[in-house]
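Undergrad: So for the sequence shown, the working numbering puts the first residue at 678; every next one is plus one.
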Amino acid sequence: MAKFIFVTGGVISSLGKGITAASLGMLLKAWGLKVKLQKFDPYLNVDPGTMNPYQHGEVYVTDDGAETDLDLGHYERFTGEPTSRDSNYTAGQIYFSVISKERRGDYLGQTVQLVPHITDEIKSCVKKLDQPGVDAVISEIGGTVGDIESLPFLEAIRQMGLDEGRDNVLYVHVTLVPYIRAAGEIKTKPTQHSAGRLREIGIIPDVLICRTEKPLNDQIKAKISLFCNVEKKAVIEEPDVKQTIYEVPLMFVDQRLDRLIIERLRLKAGTLQLDPWLEILDAIRNPTSAVQVAVVGKYGELQDAYKSIYEAIDHGGIANRCRVEVKRILAEDVERVGAQSLLADAHGVLVPGGFGSRGLEGKIEAVRFAREENVPFLGLCLGLQCAAIEFARNVCGLAGANSTENDHHTPHPVVSLLEEQERVQQKGASMRLGAYPCIIRSGSRAQEAYRTDSVNERHRHRYEFNNRYRRLFESKGVVFSGLSPDESLVEMLEIPAHPWFVATQFHPEFKSYPTSPHPLFREFIRAALKRSRGG
Ligand code: GLN
């Protein structure tokens, strides 16, 4: 039987609960324990797949094709363990499931209610991760304590303390301890209120993780301990990281939080193995070189929209022991002022995935610049589609070439819908989603990177390279270096005459971890490094 750790948040959102939960997972794993992580999101969308990145940030895709919250990306990157459909539930999914059961007659004769039906459903989702061999399940509750919509989730986890026995359940509350500049003081009141709100619901936190700008002294910790009814040694400080989020687990080790959790839950831990983690921190802190990479996207400064991509770029830096400075370029700015002025000093250009036509021409222009100027290029999903459009127009001479997503009447639809997608009406969960095998062509850059002939990568798209144009592209110098096993779908393309020009229909960024950087990001940064040295 697994132990259950619940991570809640208080005072404000964006405290980094996901990174905190992921760090706890990483530490328990480093102690030789098997952990599973999951996130509950209190909104009513069935999944974030239908939300816009301004609302939600990146949609993270799992191997089994679930469109999920970006915190699952942190869970995978910190623990190196794949997540799945069971790792993310929204209030929408919970209600959908209960209402479907009601219609089916599963509750015949009963009044279906928030308690116990919705709370039972939530508990059963937690229990799904209590699989053989799993020592601990870490469940993060999205939102902030005090939100109306979080209540059913908090009620469910309160009940679990009773159901499972208090020795088998641990409540971790992440809260804000602000520093008020005008007063020159650290304030504990918001944390007191937040812990109080939890107590009203019947949850007394076992651990308080205090997000702070300034260090907490002993006196402050004692005060928080007294007013929040939490042992002093369980009042943990989590200051803003200096360089990288990968420092967070070590902050916890310094305060013995890992040991406290193991003792409190009586987990059968081995010995702490931190070496791989210390190595990545060493590579981040002591780079031997630096490169500049431009990401030409639709969301410019919106950090969360391309979360996994920025992380994977950093991992590419770790693999090459180099500091990567990312320049976030708005594709629309490329349309306005041209690629030259914005991309001239980039050692690599990356065009990420996306939907719709805003900024598309700017992305295509960025591809042209990278191809013609021999700048290493990595195109992901829509990035591959842009590369195909650019090559069609400027190398194959197909004026007006486009994707049918952007132009229904293009004379040269080099990217188009598969027949099966043409019949799809519903928007939610109807794309080509999740991991599919891809056969790698021998002698290609792809094979040089992967060092294998077949890979499994995650997808999230509707449109595909149009096979009618394959032969023409090949005759003009493109190599289709990754294909589906039946060769019917283009998964990767590259230009061998270019120093490093690789594009993928899938999203390699979802499978890059700091402890094992993704091969394509590793090679992309290596190529950028070579360019920075004039190679
Ligand atoms: N909009 C494109 C498609 O649906 C690309 C999707 C993506 O980049 N994730 O095929």
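Here a beta-carbon is modelled for each residue, glycine too, at the ideal position from N, C-alpha and C. A quick note: this is a predicted structure, and the numbers were derived from the prediction, not measured.
State yes or no: is the C-beta of C1058 nearer than 7 Å to some heavy atom of the ligand GLN?
TA: Yes, since a heavy atom of the ligand GLN falls inside the 7 Å radius drawn around the Cβ of C1058.
Undergrad: I think S1080 touches A1123, with their Cβ atoms under 8 Å apart; what is that distance to the nearest whole Å?
TA: At roughly 22 Å, the Cβ-Cβ gap does not stay under 8 Å, so S1080 and A1123 are not in contact.
Undergrad: If I'm right that T889 touches V854 with Cβ under 8 Å, what's the distance once you round it to whole angstroms?
TA: Indeed they touch by this definition, with Cβ atoms about 5 Å apart.
Undergrad: Could you tell me whether the Cβ atoms of I863 and K891 are closer together than 8 Å?
TA: Yes, these two residues count as a Cβ contact at 8 Å.
Undergrad: Between V972 and I815, how many whole angstroms is the CB-CB distance? I'm expecting something under 8 Å.
TA: Not really, about 31 Å apart at Cβ, beyond 8 Å.
Undergrad: Using 8 Å as the Cβ pair cut-off and three pairs as the minimum, do the region 938-948 and the region 970-985 touch?
TA: Taking 8 Å as the limit for Cβ pairs, the verdict is that the region 970-985 does not touch the region 938-948.
Undergrad: How many angstroms separate the CA atom of N1267 from the CA atom of V846?
TA: Beyond the ends of the chain as shown, which are 678 and 1212, falls residue 1267; an answer cannot be given.
Undergrad: Under 8 Å, do A813 and K680 count as touching if we go by C-beta distance?
TA: Taking 8 Å as the Cβ cut-off, A813 and K680 qualify as a contacting pair.
Undergrad: State yes or no: is the C-beta of F1187 nearer than 7 Å to some heavy atom of the ligand GLN?
TA: No, Cβ of F1187 sits at least 7 Å from all heavy atoms of the ligand GLN.
Undergrad: Pick helix, strand or coil for E1134, following the three-state DSSP scheme.
TA: Strand, per DSSP.
Undergrad: Just to confirm my understanding: we take V803, look at its own chain, exclude 5 residues before and 5 after, and list those with CB closer than 8 Å. What are they?
TA: Within the same chain, V803 has close Cβ partners F681, Q715, V814, S816, A833, I834 and M837.
Undergrad: In angstroms with no decimal places, state the Cα-to-Cα distance between G974 and L951.
TA: Answer to the nearest angstrom: the Cα atoms are 36 Å apart.
Undergrad: Taking the beta carbon of K1104 as the centre, do at least 16 other beta carbons fall within 10 Å, making it buried, or is it exposed?
TA: It counts as exposed.
Undergrad: Please state whether the Cβ-Cβ distance between H1175 and N1051 is less than 8 Å.
TA: Contact: yes.
Undergrad: Mapping the DSSP letters down to three states, classify S700 as helix, strand or coil.
TA: Here S700 sits in helix by DSSP.
Undergrad: Am I right that F773 and I990 are in contact with their C-beta atoms under 8 Å? What's the rounded C-beta distance?
TA: Actually they are not in contact, since the Cβ atoms of F773 and I990 sit about 36 Å apart, beyond 8 Å.
Undergrad: Could you give the residue range of the alpha helix (DSSP H) that holds A1065?
TA: First-last of the alpha helix (DSSP H) with A1065: L1059 to N1071.
Undergrad: From A743 to D724, what distance separates their C-alpha atoms?
TA: When rounded, the distance between both Cα atoms is 8 Å.
Undergrad: Going by Cα to Cα distance, which pick from E1134, W1177, L1149 and D763 is closest to S1161?
TA: With distances taken between Cα atoms, S1161 lies closest to E1134.
Undergrad: Please state whether DSSP places F830 in a helix, a strand or coil.
TA: Correct three-state label for F830: helix.
Undergrad: So, are the CB atoms of F929 and I913 less than 8 Å apart?
TA: Yes, the pair counts as a contact, with Cβ atoms nearer than the cut-off.
Undergrad: So, G1030 versus L1057, is the Cβ gap smaller than 8 Å?
TA: Result yes, Cβ atoms of G1030 and L1057 sit closer than 8 Å.
Undergrad: What does the alpha-carbon distance come out to for the pair H733 and L749?
TA: Using only the alpha carbons, I get a separation of about 13 Å.
Undergrad: Please report how far the alpha carbon of K687 lies from the alpha carbon of G1039, in whole angstroms.
TA: Correcting the residue identity first, residue 687 is Gly in this sequence and not Lys. Whole-angstrom Cα-Cα distance: 41 Å.
Undergrad: Could you give the residue range of the alpha helix (DSSP H) that holds S987?
TA: The amino acid occupying residue 987 in the given sequence is Tyr; Ser does not appear at that position. Here the alpha helix (DSSP H) through Y987 covers K984 to A996.
Undergrad: When DSSP labels each residue in this structure, what does A743 get in the three-state scheme?
TA: In this structure, A743 counts as coil in the three-state DSSP scheme.
Undergrad: Can you list, in chain order, the residues of its chain with a C-beta nearer than 7 Å to that of P1194? Leave out the 5 residues immediately preceding and following it.
TA: Around P1194: H992, G993, I995 and A996.
Undergrad: How is G769 classed by DSSP in three states: helix, strand or coil?
TA: Three-state DSSP puts G769 in a helix.
Undergrad: Rounded to whole angstroms, what's the CA-CA distance from R936 to V925? Just pull it up for me.
TA: Rounded to the nearest angstrom, the two C-alpha atoms are 15 Å apart.
Undergrad: Taking C-alpha atoms, which residue in R1109, R1128, A1106 and M1108 lies nearest to I1116?
TA: The shortest Cα separation from I1116 among R1109, R1128, A1106 and M1108 belongs to R1128.
Undergrad: Using 8 Å as the threshold, is the C-beta distance between Y1156 and R1118 below it?
TA: In the sequence on display, residue 1156 carries Val and not Tyr. Taking 8 Å as the Cβ cut-off, V1156 and R1118 qualify as a contacting pair.
Undergrad: V1044 and A1064 look like a contact to me (Cβ under 8 Å); what is the Cβ gap, rounded to whole Å?
TA: With 8 Å as the limit, V1044 and A1064 qualify as a contact, their Cβ atoms being about 5 Å apart.
Undergrad: Could you check whether E1186 and L1166 sit closer than 8 Å to each other, using their CB atoms as the reference points?
TA: Taking 8 Å as the Cβ cut-off, L1166 and E1186 do not qualify as a contacting pair.
Undergrad: Pull up the distance between the alpha-carbon of V792 and that of L885, whole angstroms please.
TA: Answer to the nearest angstrom: the Cα atoms are 27 Å apart.
Undergrad: Can you give me the start and stop residues for the alpha helix (DSSP H) that L1170 sits inside?
TA: Looking at the DSSP string, L1170 is not in any alpha helix (DSSP H); the run it does join, the beta strand (DSSP E), is V1167 to E1171.
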